[in-house]
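Asker: Numbering of the sequence shown is given in full-length UniProt numbering, commencing with residue 1 and proceeding in unit increments. For every residue, glycine included, the Cβ atom is placed at its ideal position computed from N, Cα and C. Quantities reported herein were computed from a predicted structural model and do not represent experimental measurements.
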Amino acid sequence: MDYQESLKYIEESHKFGIRLGLDNMSKLLELLGNPQDKLNIIHVAGTNGKGSTCSFITSILKEAGYKVGLYTSPYLETFTERIRINGENIPKEDVARIVTLIKEKIEQMVSEGYSYPTEFEIVTTMAFYYYYEQGVDFVALEVGLGGRYDATNIIKKSDLSVITSISLDHVGILGDTVAKIAYEKGGIIKENGVVVVYDQSDEAKNVIKDICKEKSAKYIEVKFDDINIKQSDINSQVYDCTIIGERYEDLEIKLIGEHQVNNSILALSAIEILKQLKHLNINEDDIRRGLINTRWPGRIEKILDIPTFIIDGAHNEDGARSLAKAIDKNFKGKKATLLIGMLEDKDIDGVLEILMPYFDKVITTTPDNDRAINSEILKEKISKYIDNVISKENIEDAVNYTLKNAKEDDIIISAGSLYMIGTVRTLLNDRIMLNY
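(1) Rounded to whole angstroms, what's the CA-CA distance from residue 181 to residue 38? Just pull it up for me.
(2) Let's see if you can read the secondary structure: which residues bound the alpha helix (DSSP H) around residue 108?
(3) Tell me the residue span of the beta strand (DSSP E) that contains residue 253.
(4) Can you find the residues in the same chain that come closer than 6 angstroms, C-beta to C-beta, to residue 74, ignoring five residues on each side of it along the sequence?
(5) Identify the residues that DSSP records as bridge partners of residue 89: which are they?
(6) When DSSP labels each residue in this structure, what does residue 359 get in the three-state scheme?
(7) Indicate whether residue 292 and residue 300 have their beta-carbon atoms separated by less than 8 angstroms.
(8) Pick helix, strand or coil for residue 167, following the three-state DSSP scheme.
(9) Compute the beta-carbon to beta-carbon distance between residue 412 and residue 336, rounded to the nearest angstrom, for a pair I have assumed lies under 8 angstroms.
(10) Can you tell me whether residue 297 is buried or exposed? The criterion is at least 16 other CB atoms within 10 Å of its CB, across all chains shown.
(11) Quickly, what does DSSP pair residue 48 with across the bridge? List them, please.
(12) Measure from the alpha carbon of residue 23 to the alpha carbon of each residue in 114, 54, 50, then state which is nearest.
(13) Flag this pair as yes or no: are the beta carbons of residue 46 and residue 166 separated by less than 8 angstroms?
(14) Check each candidate in 230, 112, 186, 225 and name the one with the smallest Cα separation from residue 209.
(15) For residue 138, which residues does DSSP report across the bridge?
(16) Along the chain, where does the alpha helix (DSSP H) containing residue 5 start, and where does it finish?
(17) Let me know the secondary structure DSSP gives residue 436 once reduced to three states.
(18) Using a Cβ distance threshold of 8 angstroms, determine whether the segment 331 to 348 contacts the segment 254 to 270, with at least three qualifying pairs required.
(19) Expressed to the nearest angstrom, what Euclidean distance is found between the alpha-carbon atoms of residue 82 and residue 70?
(20) Rounding to the nearest angstrom, what Cα-Cα distance links residue 66 and residue 426 in this structure?
(21) At the level of alpha carbons, what is the spacing between residue 197 and residue 346?
(22) Using 10 angstroms around the beta-carbon of residue 135, count the other beta-carbons present and answer buried if the total reaches 16, otherwise exposed.
(23) I want to know whether the segment 253 to 260 touches the segment 41 to 58 - three or more CB-CB distances under 8 angstroms.
(24) With a CB to CB cut of under 6 angstroms and the five nearest residues on each side skipped, what residues in its chain are close to residue 49?
(25) Spatial neighbours of residue 373 within its chain, please: C-beta separation below 6 angstroms, excluding the five flanking residues on both sides.
(26) Do you know offhand how far residue 132's Cα is from residue 159's?
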């Protein structure tokens with residue numbers, strides 16, 4: 001198979017949906033020699049902040065001279081973003097080669113009576129195989145959904161389990177309370193492991209603490225009490241903090257929003273613990289370079305200056321609150337235009353309740369996903385909050401309309417679904433390139 005044929009093969013497996021359980025993954029990886037058992041893994045679960053935390057960890061390790069795999073989902077613009085080594089996407093020819101091999105193994109396992117793997121299981125298998133083949137030193141492994149039965153949790157051990165902020169999301173699959181969701185996320189915790197946890201609600205933390213006790217794992221909670229944010233604008237943030245007794249001053253990150261300061265501190269805490277556990281050679285310069293060089297596209301990311309155009313993947317209440325805080329801090333007193341598209345299974349009303357006070361004009365669109373809510377239906381929901389709502393079903397039409405009707409000093413924010421903002425990001429970057 002070539003690259004396009006490989007993508008088609010992966011996408012067609014989407015019809016097998018989401019399946020909770022690890023039997024299929026176990027068999028498929030066994031047929032490939034269990035590459036996942038030969039990797040040093042930092043496993044990251046949570047509702048929000050997983051990708052940012054993984055990116056900070058990866059960037060610091062890279063600056064310290066290590067070869068680091070980064071596995072994330074979904075992708076924004078191109079499939080190969082999901083599997084990276086030191087910032088470089090997996091080459092298309094490697095996708096084709098490895099998927100061809102995996103297809104052979106799938107046919108073998110199906111002939112033996114196993115079920116057909118899901119799309120996420122196939123991609124996760126490819127990532128494990130590629131990282132082992134390429135001889136990476138570490139893998140920052142982002143959980144896809146939940147944790148306990150997620151395909152990434154096929155690993156028997158991890159160097160660290162990291163749990164980010166937990167809130168209500170995927171309630172139909174993971175549970176309808178924070179405690180139930182925390183139980184699923186805490187499923188990544190290994191026997192006698194080390195767990196680094198984002199300071200959050202007692203409801204979530206108590207569940208994780210109980211799991212740690214059951215598994216004799218070490219629980220390490222990362223507090224955010226002594227952060228001193230010295231500068232925070234739409235371009236960067238500078239802050240002081242203490243990490244496990246070590247004081248840092250004037251750390252700088254390019255990611256925007258107070259939550260990203262917290263995510264960077266969670267990542268830095270994980271690095272400090274990893275240093276102790278694995279006797280790594282990581283100095284303060286590596287840390288500073290790693291933090292400032294971290295990029296995580298699509299998370300309060302400014303794409304255009306005139307007009308100001310920001311994209312953000314806020315798709316649940318926690319993400320919406322983080323975006324609202326950033327808007328309030330950087331554009332206080334100014335009303336903005338929102339370009340929004342969402343998936344039907346998200347808490348749409350909860351997100352709108354938080355975001356609508358910051359906007360006086362909204363353009364709705366339909367993400368390219370079979371779970372998307374139609375732009376006209378979304379328009380009806382938003383019309384309860386404000387009068388000026390326009391529906392443009394096609395994303396490109398929505399972007400063109402938004403820009404055509406914008407003034408130079410306008411603030412435009414596109415949010416609601418990663419499946420939408422990836423397309424928005426591509427369209428805006430294509431426009432930028434045409435102007436050069």
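Answerer: A quick look at the data gives this:
(1) As a first step, residue 181 must be located in the sequence shown, where it is residue number 181. As a first step, residue 38 must be located in the sequence shown, where it is residue number 38. Straight-line Cα distance between these residues: approximately 29 angstroms.
(2) The residue you call residue 108 lines up with position 108 of the sequence shown. 92 to 111 is the span of the alpha helix (DSSP H), which, as asked, contains residue 108.
(3) Position 253 of the sequence shown, counted from the start, is the residue given in the question as residue 253. 246 to 253 is the span of the beta strand (DSSP E), which, as asked, contains residue 253.
(4) Here residue 74 corresponds to residue number 74 of the sequence shown, with the count starting at 1. The answer, listed in chain order, is 418.
(5) The residue labelled residue 89 in the question sits at position 89 within the sequence shown. Residue 89 is bridged to 84.
(6) What you label residue 359 is simply residue 359 of the sequence shown in a count that begins at 1. Reduced to three states, the DSSP call for residue 359 is strand.
(7) Reading the sequence shown from its first residue, position 292 is the one you call residue 292. Reading the sequence shown from its first residue, position 300 is the one you call residue 300. In this structure, residue 292 keeps its C-beta atom at 8 angstroms or more from the C-beta atom of residue 300.
(8) Position 167 of the sequence shown, counting from 1, holds the residue named residue 167. It is coil, neither helix nor strand.
(9) Translated into positions along the sequence shown, residue 412 becomes position 412. Translated into positions along the sequence shown, residue 336 becomes position 336. Confirmed, Cβ separation roughly 7 angstroms.
(10) If you number the sequence shown from 1, residue 297 lands on position 297. When all chains shown are included, residue 297 counts as buried.
(11) On the sequence shown, residue 48 is found 48 positions in, with the first residue counted as 1. Bridge partners of residue 48: 165.
(12) Here the question's residue 23 lines up with position 23 in the sequence shown. Looking at the Cα atoms, 114 is the closest of the given residues.
(13) Along the sequence shown, one-based indexing puts residue 46 at 46. Along the sequence shown, one-based indexing puts residue 166 at 166. A contact, by the Cβ cut-off of 8 angstroms.
(14) Within the sequence shown, numbered from 1, the residue matching residue 209 stands at position 209. Closest by alpha carbon: 186.
(15) Taking the first residue of the sequence shown as 1, we reach residue 138 at position 138. Partner(s): 68.
(16) Stepping through the sequence shown from its first residue, residue 5 is reached at position 5. Residue 5 -> alpha helix (DSSP H) spans 3 to 12.
(17) Locating residue 436 in the sequence shown gives position 436, counting from the first residue. At residue 436 the pLDDT is 45, less than 50, meaning the model places this residue with poor confidence; the figure from the coordinates comes in the next sentence. Residue state, collapsed to three classes: coil.
(18) Because the criterion of three Cβ pairs below 8 angstroms is not met, the segment 331 to 348 and the segment 254 to 270 do not touch.
(19) Residue 82 sits at position 82 when you count from the first residue of the sequence shown. Residue 70 sits at position 70 when you count from the first residue of the sequence shown. Distance between the alpha carbons of residue 82 and residue 70 is about 8 angstroms.
(20) In the sequence shown, counting from the first residue as 1, residue 66 sits at position 66. In the sequence shown, counting from the first residue as 1, residue 426 sits at position 426. Spanning the two alpha carbons is a distance of roughly 31 angstroms.
(21) Within the sequence shown, residue 197 is the residue found at index 197, counting from 1. Within the sequence shown, residue 346 is the residue found at index 346, counting from 1. Note on geometry: alpha-carbon atoms of residue 197 and residue 346 lie some 25 angstroms from one another.
(22) Within the sequence shown, the letter at position 135 stands for residue 135. Under this definition residue 135 is an exposed residue.
(23) In the pairwise beta carbon analysis, the segment 253 to 260 is classified as touching the segment 41 to 58: at least three pairs are separated by under 8 angstroms.
(24) If you number the sequence shown from 1, residue 49 lands on position 49. In the same chain as residue 49, and ignoring 5 residues on each side of it, the C-beta atoms closer than 6 angstroms to its own belong to 164, 165, 263, in chain order.
(25) Translated into positions along the sequence shown, residue 373 becomes position 373. Close CB contacts of residue 373 within its chain, under the 6 angstroms cut and outside five residues either way in sequence, are with 342, 344 (chain order).
(26) To locate residue 132, count along the sequence shown from 1; it is residue 132. To locate residue 159, count along the sequence shown from 1; it is residue 159. The alpha-carbon of residue 132 is positioned some 16 angstroms away from that of residue 159.
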